[in-house]
Each structure stands twice: as structure tokens, then as C-alpha cells.
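Engineer: Quick note, the sequences are listed as chains B and H, same order. Quick note on numbering: the first sequence equals residues 1 to 116 in the working numbering. Quick note on numbering: the second sequence equals residues 117 to 228 in the working numbering.
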Amino acid sequence: DAGVIQSPRHEVTEMGQEVTLRCKPISGHNSLFWYRQTMMRGLELLIYFNNNVPIDDSGMPEDRFSAKMPNASFSTLKIQPSEPRDSAVYFCASSLAGTQGGGEQYFGPGTRLTVT
Amino acid sequence: DAKTTQPPSMDCAEGRAANLPCNHSTISGNEYVYWYRQIHSQGPQYIIHGLKNNETNEMASLIITEDRKSSTLILPHATLRDTAVYYCIVRVGTGANSKLTFGKGITLSVRP
């Protein structure tokens with residue numbers, strides 16, 4: 001299994017530009033999670049989907065952030081316009097959600113975003 | 117907010133057992149305890165989880181106290197590659213409506 005795939009691995013952009021991060025979950029998984037990690041705030045959950053439907057987006061910092069999951073094998077996290085404080089490592093994770101336990105999440109390698 | 121508290125750091129000698137403690141005194145009856153670790157510059161990695169009983173897999177053992185207010189992750193024979201941040205997490209919710217809230221974790225340093 002290829003695991004969770006994220007692209008790009010590194011992104012450097014200027015303030016004000018649109019940034020799109022991509023994620024391909026593990027085949028057969030039905031839940032997908034977007035996290036952001038910084039030194040100051042640690043690992044934060046931004047949004048998660050189940051069966052392609054957003055379940056909880058309370059962690060999305062503001063309207064500049066949006067996420068979509070058009071099908072079971074692809075998700076995007078978009079930042080428009082980007083700001084220097086958005087610089088972080090963004091992780092995507094997927095899991096097979098069940099009713100009891102299980103649901104362990106498998107993380108991708110992350111996208112390191114730098115906004116100058 | 118994370119429902120767990122962990123010491124910020126600990127170390128152990130290579131080849132010895134590493135016992136990582138975690139307190140979760142407000143855990144509810146149907147909430148699972150999960151452990152993940154994050155090696156520098158990599159995504160977090162699932163280790164093990166449990167509800168009431170002790171659990172063991174190829175990576176580690178999880179010991180949960182009878183009152184479920186605390187747990188210990190045991191790495192039986194720590195190696196240098198086990199140096200990482202270890203997160204103890206109480207999984208809130210069930211099924212599709214569940215999520216993990218990562219705290220600061222405990223930094224384990226394995227010394228030669």
C-alpha cells in the first residue's frame with residue numbers, strides 16, 4: 001500500500017497568493033483529516049470528512065481556508081489569500097472509521113508551507 | 117482541549133524498557149486511549165490503542181489502570197530509532213463522529 005500521499009512536499013509562496021495542498025488517502029479508508037503543525041500551536045485538527053462529507057470544520061482558522069473532498073480518493077486544502085502566519089507543516093491523515101475503537105489514523109508525510 | 121497530561125520529557129538507555137506515563141482522569145466510559153509518536157520531520161505514526169484491557173502489539177504494550185484514569189505505554193527494548201515525541205490521546209466521540217486532539221506529548225530520548 002502506498003500510504004497517504006500528499007503533494008507538494010514543499011511549497012514556498014508569496015503573501016497574497018493562493019495555495020492548494022493535495023491529499024490522496026489510503027484506498028478503502030472512509031475518513032480524511034487535515035492537520036496543521038507549528039512550533040507554537042502544536043498539531044491542530046483543521047477539518048475532517050467522512051464518506052466525502054465534512055463533519056467538523058471548527059478548526060479551520062478563518063474564511064481564507066477551505067477544504068473539499070470531491071471523491072473518496074482526493075482532497076484539497078486551499079488557502080486564499082495566503083499570509084506569513086499560515087507557514088506550517090500541513091498533514092493529511094486517513095482512517096477507516098468504525099463504531100468501536102479502530103479508526104486509527106495514518107498520516108501522510110506532510111506539506112511544508114512557507115509564505116513570505 | 118486535550119484530555120490528557122504527560123510529562124514533557126524523559127530518557128532511557130538503549131535496550132532498556134521505556135515506560136511512558138499518561139494521566140486522563142476525566143476520561144469517559146466509552147472513550148479509547150490512543151498512542152501515537154512523531155519522529156522528527158515525519159507525520160505522526162499510530163502505535164496502539166485500548167479501552168479497558170491491557171493491549172500488546174509488535175510495537176508496544178499499553179497498560180491501563182483499572183479506574184482508567186491513567187495509562188502507561190511500554191516500549192520493551194528501546195532503540196535509538198524510538199527517539200520521538202509520543203502523544204497520549206483520548207479519542208472523543210465514536211465512529212465517524214470521532215476525532216483526536218493532540219497535546220504537547222512527551223519527548224523520549226533514547227541514549228546509547
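Using N, Cα and C, we set each Cβ at its ideal position, and we do this for glycine too. For clarity, every value in this text was computed on a predicted model and none was experimentally measured.
If we define contact as Cβ-Cβ less than 8 Å, is Asn110 (chain H) a contact residue for chain B?
Structural biologist: The structure shown does not extend to residue 110 (chain H), since chain H is modelled only from 117 through 228, so no value can be given for it.
Engineer: What are the start and end residues of each continuous beta strand (DSSP E) run of 3 or more residues lying completely inside the segment 71-108 of chain B, in chain order?
Structural biologist: Complete beta strand (DSSP E) runs here, min 3: 74-79, 88-95.
Engineer: Is the closest heavy atom of the ligand SAM to the C-beta of Glu130 (chain H) under 7 Å?
Structural biologist: In the structure shown, the ligand SAM is absent, as is every other ligand, since no ligand is present at all.
Engineer: When burial is assigned at 16 or more other CB atoms within 10 Å of the CB, is Ser214 (chain H) buried or exposed?
Structural biologist: As a first step, residue 214 (chain H) must be located in the second sequence, where it is residue number 98. Buried, because 16 or more other Cβ atoms sit within 10 Å of the Cβ of Ser214 (chain H).
Engineer: At which residues does the beta strand (DSSP E) containing Asn50 (chain B) begin and terminate?
Structural biologist: As a working note, residue 50 (chain B) is residue 50 in the first sequence. Its beta strand (DSSP E) spans residues 42-50.
Engineer: Give the single residue among H:Arg153, H:Ala133, H:Tyr148 whose Cα lies nearest to the Cα of Gly209 (chain H).
Structural biologist: Taking the second sequence and counting its residues from 1, one reaches residue 209 (chain H) at position 93. Checking every option, the nearest Cα to that of Gly209 (chain H) belongs to H:Tyr148.
Engineer: Drop a sphere of 10 angstroms on the beta-carbon of Arg36 (chain B), count the other beta-carbons inside from all chains shown, and report buried for 16 or more, exposed for fewer.
Structural biologist: Working through the first sequence from its first residue, we reach residue 36 (chain B) at position 36. Answer is buried; the Cβ neighbour count reaches 16.
Engineer: What are the start and end residues of the beta strand (DSSP E) that includes Ser58 (chain B)?
Structural biologist: Taking the first residue of the first sequence as 1, we reach residue 58 (chain B) at position 58. Element bounds for Ser58 (chain B): n/a, residue is neither H nor E.
Engineer: Asn213 (chain H) by DSSP, collapsed to three states: which one?
Structural biologist: Within the second sequence, the letter at position 97 stands for residue 213 (chain H). If DSSP states are grouped into helix, strand and coil, Asn213 (chain H) belongs with the helices.
Engineer: What's the C-alpha gap between Met40 (chain B) and Lys220 (chain H)?
Structural biologist: Here the question's residue 40 (chain B) lines up with position 40 in the first sequence. Here the question's residue 220 (chain H) lines up with position 104 in the second sequence. Computed Cα separation, rounded: 10 Å.
Engineer: At a CB-CB cut-off below 7 Å, which residues of chain H make contact with Phe65 (chain B)?
Structural biologist: In the first sequence, the residue the question calls residue 65 (chain B) occupies position 65. Those do not exist, as Phe65 (chain B) stays about 17 Å from chain H at its closest Cβ, beyond 7 Å.
Engineer: Where Asn135 (chain H) and Phe74 (chain B) are concerned, what is the direct C-alpha to C-alpha distance, given to the nearest angstrom?
Structural biologist: Indexing the second sequence from 1 puts residue 135 (chain H) at position 19. Indexing the first sequence from 1 puts residue 74 (chain B) at position 74. For Asn135 (chain H) and Phe74 (chain B), the distance between alpha carbons rounds to 39 Å.
Engineer: Once you ignore the five residues that flank Ile179 (chain H) on each side, which residues in its own chain have a CB closer than 7 Å to its CB?
Structural biologist: Taking the first residue of the second sequence as position 1, residue 179 (chain H) is located at position 63. Closer than 7 Å at the Cβ level, and outside the excluded window around Ile179 (chain H), lie Asn170, Ser187, Thr188, Ile190.
Engineer: Which runs of the beta strand (DSSP E) fall wholly inside the segment 157-224 of chain H and span at least 3 residues, in chain order?
Structural biologist: 161-166, 177-180, 186-191, 200-207
Engineer: Span of the beta strand (DSSP E) holding Ala133 (chain H)?
Structural biologist: Here residue 133 (chain H) refers to the residue found at position 17 of the second sequence. No beta strand (DSSP E) contains Ala133 (chain H), which DSSP labels as neither H nor E.
Engineer: Relative to chain B, which residues along the segment 149-162 of chain H have a C-beta separation below 9 Å, given in chain order?
Structural biologist: Legend: CB atoms of the segment 149-162 of chain H lying less than 9 Å from CB atoms of chain B belong to residues Tyr150, Tyr152, Gln154, Ser157, Gln158, Gly159, Pro160, Gln161, Tyr162.
Engineer: Scan the segment 48-59 of chain B for residues whose Cβ lies nearer than 7 Å to a Cβ of chain H and list them as they occur along the chain.
Structural biologist: So the list reads Tyr48, Asn50, Ile55, Asp56, given in the order they occur along the chain.
Engineer: Starting from the Cα of Ala200 (chain H), find the closest Cα among H:Asn146, H:His140, H:Arg227 and give me that residue.
Structural biologist: Your numbering for residue 200 (chain H) matches position 84 in the second sequence. Residue H:Arg227 is the option with its Cα nearest to Ala200 (chain H).
Engineer: Which chain B residues are close to Thr217 (chain H), counting only those with a beta carbon under 8 Å from its beta carbon?
Structural biologist: Along the second sequence, read from residue 1 onward, the residue named residue 217 (chain H) stands at position 101. Contacts between Thr217 (chain H) and chain B, judged by CB atoms closer than 8 Å, involve Leu45 in chain order.
Engineer: Taking the alpha carbon of Gly16 (chain B) as the reference point, which residue from B:Gly28, B:Glu83, B:Ala93 has its own alpha carbon closest?
Structural biologist: The sequence position of residue 16 (chain B) within the first sequence is 16, counting from 1. Comparing Cα-Cα distances from Gly16 (chain B) to each of B:Gly28, B:Glu83, B:Ala93, the minimum goes to B:Glu83.
Engineer: Just to make sure I have the definition right: I need the residues of chain B whose C-beta is within less than 8 Å of the C-beta of Lys220 (chain H). Which are they?
Structural biologist: Within the second sequence, residue 220 (chain H) is the residue found at index 104, counting from 1. Taking the beta carbon of Lys220 (chain H) as reference, the chain B residues within 8 Å of it are Gly42, listed in sequence order.
Engineer: Going by beta carbon distance, what residues of the same chain come within less than 8 Å of Lys185 (chain H), once the five residues before and after it are set aside?
Structural biologist: As a first step, residue 185 (chain H) is located in the second sequence; it is residue number 69 there, counting from the start. These residues qualify, in order along the chain: Asn139, His140, Ser141, Ile143.
Engineer: Less than 8 Å between the beta carbons of Val12 (chain B) and Thr114 (chain B), yes or no?
Structural biologist: Stepping through the first sequence from its first residue, residue 12 (chain B) is reached at position 12. Stepping through the first sequence from its first residue, residue 114 (chain B) is reached at position 114. For Val12 (chain B) and Thr114 (chain B), yes; Cβs fall inside 8 Å.
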